[in-house]
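Comments concern the structure below.
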Amino acid sequence: MPAEFLSEPLSLYSIPAVWVTLFAPMTLKFVTIQKLRGYNNVQPRANTSRVAADKNVPREVAARIERMEGAHLNGNENFPLWVAAILAANYAGLDNHTMNVTSIAYVCARVLYNYIYINNETSAQSWLRSLIFMGCTSLPMYLLFAAANKLRLV
């Protein structure tokens with residue numbers, strides 16, 4: 032059954048799935064700030080700096096909130112590349128198995144990336160985050176090159 036599942040045209044569903052991975056850190060940031068001192072929805076982009084400047088908020092908590100925002104921003108920066116890759120791969124008619132496996136790998140890698148980004152506190156952990164980022168980026172690039180090669184040969 033899993034092999035049959037992977038041959039279905041499901042890769043476009045990865046677009047909303049990836050969107051969830053980019054929005055999750057922002058939701059976590061909102062909940063954390065709301066519990067700490069209340070979320071200012073009038074100036075939502077000022078909340079992170081407001082918490083960082085608050086002497087009553089432990090520095091490690093403020094730093095974690097900053098990393099939540101960083102993970103969210105990184106997701107926003109990478110989302111267009113993923114959407115372009117999936118649309119190009121579908122347009123080129125890459126096989127569903129390849130697109131589905133790559134989609135699953137990308138969603139899982141983005142979840143792992145967010146977890147490490149939000150929780151890292153050491154230089155070694157930050158390098159692991161960077162390594163996972165490069166792995167994440169290689170997946171849409173693979174699809175884009177595969178799509179380009181397939182269309183070039185037509």
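Just so you know, we're using this note's numbering here: the sequence shown kicks off at 32 and counts up by one.
We put the beta carbon where it would ideally sit given N, CA and C, even for glycine.
In this structure, the CA atom of residue 64 is about 44 Å from the CA atom of residue 35. Inter-residue distance for residue 72 and residue 60 is about 13 Å (C-alpha atoms, whole angstroms). Take residue 168, set aside five residues on each side of it, and the residues of its chain with a beta-carbon closer than 8 Å to its own are 109, 112, in chain order.
Inclusion of residue 135 and residue 147 in the CB contact set at 9 Å is not warranted, their separation being larger than that value.
Under the Cβ criterion (8 Å, minimum of three pairs), the region 113-131 counts as touching the region 42-50. With a beta-carbon spacing of about 4 Å, residue 102 and residue 56 fall inside the 8 Å limit used to define contacts.
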